[in-house]
Structure formats: structure tokens, C-alpha cells
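Down below is the structure, laid out as C-alpha cells.
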Amino acid sequence: MCRLTSSGVPPAEAARLARRATGTPPSVVGVPEQPRPRSRAAGTLPLGDVRQEYRGLARAAVRLDAPAVERQLEAAVEQYSITGAWQEVMVPALHAVGRKWASSGDRYVEVEHLLSWHVSTALRRYTPSAAPQGAASAAGPVVLACVPGEQHTLAIEALNAALCELGLPTRMFGAAVPGEALTTAVQRLGPVAVFLWAQARSTASLALARHVADTSWGVKGARRQPLVVVGGPGWSGPAARELPRPPTLRDAVAILSGAIATAGTGEQR
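Numbering (our numbering), first residue to last: 11 to 279.
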């Protein structure tokens, strides 16, 4: 029963299966070939309709059970792909831990740190070191960066992994990229798109986003500019109307892969 509940099975269902097992080893009680259920009971955290795997991941994190966290992240990615695992398992667990920490003073911060580190490790593990070279790379890569002063990188790590999973070229610059360095990188790389992440309103800079969007390269008469896409709750002001701001990882992948496909046909901005 402990094994089942730690993997996300609700306690009542785990008890029923354990009683029915009649000596069967716990590792085979769960009948893995059956569809994994979704649970609507979120306890004190009203997260709505979430996958069972999220519960197992959150419980393992609260126990600081690093091997179990690693196993469950690996299983989630293998079953649902990067995008599905991020949206339906990783993000709900991260939000739950964050809310628990926010409502409990300084308690549970170690849980959030452990879970974030393992999520980052899992995302990088499933990110190829380089996307296959082919027709798509001729359009230029997608540049991924956090705006100056922004240290939260998990979302762009997930986006980088999801794009690489599709074989699309990216350049990841990570946290708190200075504006001048970002402009220089855009001029050197000639990217088809630039994705800027801002977790807080205090770091989101519409002026920087506009400057990047106006950055051009190439020979006279055939100069190009990148599509600038923004992400994160920091862009909830005018940028939400002025620039593309996909609400989910799946939407961001669709916009950026579409930009690469369009650029590859010669219909560049």
C-alpha cells in the first residue's frame, strides 16, 4: 500500500488493491497496462483535474525521497513526452509545493529546491546536445533567454527540451541575460525567433523586447528580424497585447515550430 500511495494512487484504492493482492509482490499490484487514473481530490490544494503521477511526485518530494522523484520524472517523460510531462505532472507538483511553502512561512523550501533541481536535471537529460542538422536549421535557431534580473529558468529549460525533442535548433542562454549581450547574440546568430521569459512584472521589459524585435541582420535589401515571443506571468501588461504570449508550453512549441517552418519556406519577416 505504501508503494502504491507513493506513486500517486489514492489511499483507499491502494488499500483495496493491497487487500486483493493476497501475497502478490507490491511491484505488480498496480497492473501497469491499465490506463492511469486521474484524480480530482486535491486535498488542501484545489488544483482541479490532475494526473495520478503528479500526486506521487509531490509526495516523494515532500519525503525528500530523491531516488523516487527521479524515477517518477523519468517515467512521466517517457510516457507523456516532455510537453505532456511538464504540463500535467511537473508544473502541478511545482505549484503545489510552492503554495505549501507560501502558506507555511519558511517551511518546505527544501522540498521546492529539491524538486526544482530534479526537474531541471530531468529536462536536461532528455535534451539532445544538438538538434539534427537539416532543412529546419537553415531558417536559424530559436534563442531562449531570461530577461535581465530574472533567475527562474525552468520554463525555458522545458521549452528548450520540447523543441529539441522535435529536432528543432535552439540556443539556450539561461538566466538573467544582459540586454546588450542578448542583442549581440541575435545579430551573430540570426535567429528565426527569440523567446523571452519573465517571472515577475519587475523584470519584464517591453522596451527590451521591442529592441530585440527591431534588431536586424543580413545584406542590404535582404535584412531580417526575429519574431519575439514572450512567456511568463511578468508579461501580463501591454506586452500581452503587443507580442505573442503563449499560455502553455504546447502553445509556445506550436508558435515557434511554425515560425521555423514559415522561415524555411522563404516567407521570412
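Glycine included, C-beta positions come from ideal geometry on N, C-alpha and C.
Separation of residue j from residue i, as counted between CA atoms
i, j, result
"Pro256", "Trp227", "26 Å"
"Ala273", "Arg220", "20 Å"
"Gly189", "Ala22", "54 Å"
"Pro102", "Asp261", "18 Å"
"Tyr64", "Thr258", "18 Å"
"Lys230", "Gln197", "14 Å"
"Ile265", "Gln89", "24 Å"
"Arg30", "Phe205", "51 Å"
"Ser91", "Phe183", "23 Å"
7 Å CB neighbourhood of residue i in its chain, flanking five on each side removed
i, result
"Glu160", "Ala185, Ala186, Trp207, Ala208, Gln209 and Thr213"
"Ala70", "Ser16, Ala78, Val79 and Gln82"
"Cys174", "Thr137, Pro138, Ala141 and Thr180"
"Ala165", "Trp207, Gly241 and Gly242"
"Pro248", "Leu216"
"Glu84", "Ala132"
"Ala269", "Val202, Ala203 and Leu237"
Cut-off 8 Å between Cβ atoms - residues of its own chain near residue i, not counting five sequence neighbours on either side
i, result
"Arg181", "Pro151, Val152, Val153, Leu154, Ala195, Leu199 and Pro201"
"Val263", "Thr93, Leu169, Ala172, Leu173 and Leu176"
"Asp224", "Gln235"
"Ser267", "Leu173, Leu176 and Leu178"
"Gln97", "Thr258, Leu259 and Arg260"
Pick from the options that is closest to residue i, judged by C-alpha positions
i, options, result
"Trp245", "Pro158, Arg211, Asp224 and Val222", "Arg211"
"Arg134", "Leu169, Cys156 and Ala78", "Leu169"
"Gly66", "Val99, Ser91, Tyr90 and His105", "Val99"
"Leu192", "Val240, Ser215, Val222 and Trp96", "Val222"
"Leu5", "Ala149, Lys230 and Val240", "Given a span of 11 to 279 for the chain in the structure shown, any question on residue 5 remains unanswerable."
"Leu125", "Val72, Gly189, Ala22 and Leu259", "Val72"
"Ala250", "Val238, Ala172 and Thr131", "Val238"
"Val157", "Ser215, Gly268, Ala103 and Glu122", "Ser215"
"Val87", "Thr131, Ala149 and Leu178", "Thr131"
"Leu253", "Tyr118, Ala203, Ala149 and Ser267", "Ala203"
"Leu74", "Val119, Ser91, Glu63 and Arg26", "Val119"
"Trp127", "Gln197, Gln97 and Glu167", "Glu167"
"Leu104", "Val129, Gln89 and Ser91", "Val129"
"His123", "Ala271, Ala76 and Phe205", "Ala76"
Which of helix, strand or coil DSSP assigns to residue i
i, result
"Gly108", "helix"
"Val284", "Shown here, the chain extends from 11 to 279; a query on residue 284 therefore has no answer."
"Leu266", "helix"
"Ala203", "strand"
"Gly58", "The predicted position of Gly58 is uncertain, since its pLDDT is 40 and thus under 50; a value taken from the coordinates is nonetheless stated next. Gly58 falls in the coil class under three-state DSSP."
"Val196", "helix"
"Val121", "helix"
"Ala168", "helix"
"Thr34", "Summary for Thr34: the model assigns pLDDT 47, below 50, so the residue's position carries little reliability, and this model does not support an answer."
"Gly150", "coil"
"Thr131", "helix"
"Gln161", "coil"
"Pro155", "The sequence given here places Ala at residue 155; Pro does not occur at that position. Three-state result, Ala155: strand."
"Arg233", "coil"
"Arg73", "coil"
"Thr180", "strand"
Residue i: CB within 7 Å of a non-hydrogen atom of the ligand COA
i, result
"Glu80", "Only the bare structure without any ligand can be found here, which leaves the ligand COA out of the picture."
Spatial neighbours of residue i in its chain, beta-carbon cut-off 6 Å, leaving aside the 5 residues before and after
i, result
"Ala51", "Because the pLDDT at Ala51 is just 36, under 50, the model does not fix this residue reliably, and the value given afterwards should be weighed accordingly. So no residue of the chain qualifies."
"Arg233", "Ser226"
"Ala95", "Ala86 and Val87"
"Pro47", "In this predicted model, Pro47 has a pLDDT of only 44, less than 50, meaning its place in the structure is not dependable enough to derive any value."
"Val121", "Ala71, Val72 and Val107"
"His162", "Gln209"
"Gly149", "Residue identity check: residue 149 is Ala in the sequence provided, not Gly. The residues are Val202, Ile270, Ala273 and Gly274."
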